[in-house]
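A quick write-up on the structure given underneath.
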Amino acid sequence: MLAALGLAPVVAAVGCAGGSGSVPGDGSRALPIPPLAESSVGADGVRRFALRAGVGESEMVLGKKTPTWGYNGAVLGPTLRAARGETVAVTVRNALPEMTTVHWHGMHVPARMDGGPYQPIQPDGDWTATWTISQQAASLWYHPHPHGSTEKHVYRGLSGFFLLDDADTNALELPKTYGVDDIPLVIQDRRFSPDGALDESDPSDVGLLGDTILTNGINRAHLDVRTSRVRLRILNGSSGRLYNLGFADGRDFALIATDGGLLPAPLRRDRVLISPGERVEIVVAFDGDARTMLRSFPIENRGTLPAREAASFGFDDSFDILEFRTGRTLEPAAALPDSLAHIAPVAPIGTAADRSFELQWFMINRARMDMNRIDFTVAVDTTQVWTVRNVDNWPHNFHVHDVQFQIIAVDDAPPPPELAGWKDTVFTPPGPVFTLAMRFTDHADPNYPYMFHCHLLLHEDHGMMGQFLVLAPGQRAAPVRMNMDTDMNMDTDTAAGGSSGSEMGGMPHH
Ligand SMILES: [Cu+2]
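What follows is the structure, encoded as structure tokens:
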């Protein structure tokens, strides 16, 4: 029913993790590249994809069999890809033993297509989301978002990339051959029981911190470099761990894009920080016959986070992430363009805030998520300026559905250049005030809300989330009511922000 079609050809599609492949003597395996999802375009011009969430078994660690969940395979999912202006329709079938949802993280979508807690897909059921891509090229992703169970579903393996293309970006001299010099890379931490199963016990206050790093679903991967420049589209797909990425040999790289698309110009960096849910695109130059390791270094940007807490949240940890091997002649690549994209300011620094948010424990503005409470409404076709401040002694971040925002100030200063592009998730260490500006251009809906939340998934599951409606002139809020017994995986108490824990490990103490 589905035919392969002509976006970027799949040059090096390797199946998802699970196959043994060629294993050199040191136990490292070639980085699996998620296949590009097949799609078909009908007479109506709609590009249709099909996803099936199901159970399987993966070899995340060499020699160990791990029960996992995946889309169209045992773990992770195919890379969906569409261009600005296209209308897409994604049908998701749920072959899991419990309800799930699929959220299009970073996507400008109608609220009822968002795939959050209001779009449950029951076991053996399916759901089709359709919308028109109306934003710039970016590396987005999709993942489950069932209220109270998101961490567990993602941890078990459910995530995939959703890449957006546009003509301006296609015209730039950037590495763009999928799987060859344009590499999707999801970084996740996991912990394993002796029998090889994923260990879901004992979360810290930021969620489950694993001691084993997976890249695209496997531990100890390497990438054979074939070109003198490689673009990495990096997603932090972890529950609660941050990564301060750099190279073991000290080489620098060009940071070219953040969550919502290209930066105005490449930034030379030797470190880039990425918190759960965030993405960055970097371009790394290689020459000669050498090996180098992408590594995660201790987190430097801590705000006022106390040292002891920082250590318990993994901020002092260092991990090898992915080895790069350049054992042959490299195909030369063009120099990077000096400028990448024009970003028109949404609002000038100093604009008065429409709303402010304080992050603490499992609360935003001292409240936990209540599916029966709409926290506020926003008028469609308006610009919103929000301030966000972490007043806690835990790390948090802040994610807004439906929009890409601009960080117009950190305290009273303009943001550093790496935070000056389009963002949908911002790391908020304790202390500074982040001022965000965003436009709610369209997609008003009086019935279905969008979410805003901490993207540390345990925090989100425990209620660090709220919801808002986008209303057209004359519309009155009329939010749908979910039936907590039949629509959700949880009891009513948890759904209402009560104290019973998710299956991932109950209520951490503060
Ligand atoms: Cu948080």
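Under my numbering, think of the first position of the sequence shown as 2, with each following residue one higher. Ideal Cβ positions, reconstructed from N, Cα and C, are used throughout, including at glycine.
Worksheet item: At which residue ranges does the stretch 21-59 contain complete alpha helix (DSSP H) runs of 4 or more residues, listed in the order of the chain?
Response: none
Worksheet item: Do you know how far the Cα of Tyr244 is from the Cα of Gly22?
Response: Looking up residue 22 in the sequence shown gives position 21. Looking up residue 244 in the sequence shown gives position 243. Caution is warranted here: a pLDDT of 45 is assigned to Gly22, below 50, making its placement in the model unreliable, and no coordinate value can be reported.
Worksheet item: So, helix, strand or coil for His146, using DSSP?
Response: In the sequence shown, the residue the question calls residue 146 occupies position 145. It is coil, neither helix nor strand.
Worksheet item: Which residues have a Cβ closer than 6 Å to any heavy atom of ligand 1, listed in chain order?
Response: His397, Cys455, Leu457, His460 and Met465
Practice prompt. Just tell me which of Arg53, Gly28, Asp260 and Asp403 has its CA closest to the CA of Thr133.
Written response: The sequence position of residue 133 within the sequence shown is 132, counting from 1. Residue Asp403 is the option with its Cα nearest to Thr133.
Worksheet item: Hey, how far is the Cα of Asn484 from the Cα of Met100?
Response: Within the sequence shown, numbered from 1, the residue matching residue 484 stands at position 483. Within the sequence shown, numbered from 1, the residue matching residue 100 stands at position 99. About 13 Å.
Fill in: Bounding residues of the beta strand (DSSP E) (the contiguous stretch that carries Val231)
On the sequence shown, residue 231 is found 230 positions in, with the first residue counted as 1. First-last of the beta strand (DSSP E) with Val231: Arg230 to Asn237.
Worksheet item: Whose CA, out of Thr442, Asp250 and Met465, lies closest to the CA of Gln361?
Response: Counting from one through the sequence shown, the residue named residue 361 turns up at place 360. Gln361 has its Cα closest to that of Met465, out of Thr442, Asp250 and Met465.
Worksheet item: Any idea if Ile257 is buried or exposed, counting beta-carbon neighbours within 10 angstroms, 16 or more meaning buried?
Response: Position 256 of the sequence shown, counted from the first residue, corresponds to residue 257. The residue in question, Ile257, is buried, as its Cβ has 16 or more Cβ neighbours within 10 Å.
Item to complete: Buried or exposed for Arg329, please, with buried defined as at least 16 other CB atoms from any protein chain shown within 10 angstroms of its CB.
Response: Here residue 329 is taken as the residue at index 328 of the sequence shown, counted from 1. So Arg329 ends up on the exposed side.
Worksheet item: Using a Cβ-Cβ cut-off of 8 Å (strictly less than) and excluding sequence neighbours within five positions of Cys455, which residues of its own chain qualify?
Response: In the sequence shown, residue 455 corresponds to position 454, counting from 1. Closer than 8 Å at the Cβ level, and outside the excluded window around Cys455, lie Leu360, Ile365, His397, Asn398, Phe399, His400, Glu461, Met465 and Met466.
Worksheet entry | Reduced DSSP category for His400 - H, G, I as helix; E, B as strand; rest coil | For the purposes of this step, residue 400 is taken as the residue at position 399 of the sequence shown. The DSSP-derived three-state label of His400 is strand.
Discussion item. Assuming the contact rule is C-beta atoms closer than 8 Å, Gly1 and Gln137 should be a hit. Round their C-beta distance to whole Å, please.
Written reply: Given a span of 2 to 511 for the chain in the structure shown, any question on residue 1 remains unanswerable.
Worksheet item: How is Glu279 classed by DSSP in three states: helix, strand or coil?
Response: Counting from one through the sequence shown, the residue named residue 279 turns up at place 278. It is coil, neither helix nor strand.
Worksheet entry | Arg477 (DSSP reduced to helix, strand or coil) | Position 476 of the sequence shown, counted from the start, is the residue given in the question as residue 477. Of the three classes helix, strand and coil, the one that applies to Arg477 here is coil, per DSSP.
Fill in: Validate contact between the stretch 278-293 and the stretch 304-323 using beta carbons, cut 8 Å, 3 pairs
no
Discussion item. Could you check whether the stretch 412-422 touches the stretch 443-451, counting it as contact only if at least three pairs of C-beta atoms, one from each stretch, sit closer than 8 Å?
Written reply: no
Item to complete: Drop a sphere of 10 angstroms on the beta-carbon of Glu301, count the other beta-carbons inside from all chains shown, and report buried for 16 or more, exposed for fewer.
Response: What you label residue 301 is simply residue 300 of the sequence shown in a count that begins at 1. The residue is exposed, with fewer than 16 neighbouring Cβ atoms inside 10 Å.
Fill in: Span of the alpha helix (DSSP H), counted from its first residue to its last, around Leu459
By one-based count along the sequence shown, residue 459 stands at place 458. Taken as a continuous stretch (DSSP letters only), the alpha helix (DSSP H) holding Leu459 covers Leu458 to Asp462.
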